[in-house]
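K.L.:
Take this structure first; my questions come after.
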Amino acid sequence: MKAEADARWDYDAITAEVFHSQRRRRVVWDALKLGSFTSWDFNPEDDGRQKYIRSTIPLMIWSAALASPSLMFTVLSSRALS
């Protein structure tokens, strides 16, 4: 098994690539520590208040109103008066 691994992989090249990758990541980490901290994790801002329509207006009226700005004004102003 060792002979097969020796034939398949170049250990010196792999070691050199690992060291190069570690140095590169160390430079990035040192740069990230300057100024305000920025995490490497992706955390998208998800504000549910902006994601969904919360209204008593039926969906078909909203759809029509979104297609026509003047109708949107009419729908919203009639709801505000009632």
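Residue numbers for the sequence shown follow the working numbering, beginning at 7 and rising by one.
Backbone N, C-alpha and C define an ideal beta-carbon position, used for all residues, glycine too.
On a predicted model such as this, the values are computed, not experimentally measured, just so you know.
If you follow the alpha helix (DSSP H) that R31 is in, where does it begin and where does it stop?
P.N.:
R31 -> alpha helix (DSSP H) spans Y17 to L38.
K.L.:
On the three-state DSSP scale, how would you describe I63?
P.N.:
coil
K.L.:
Where does W68 sit, in a helix, a strand or coil, going by DSSP?
P.N.:
Helix, per DSSP.
K.L.:
Measuring only the C-alpha atoms, how far is S61 from N49?
P.N.:
29 Å
K.L.:
In the structure shown, what three-state DSSP assignment does F43 receive?
P.N.:
Residue state, collapsed to three classes: coil.
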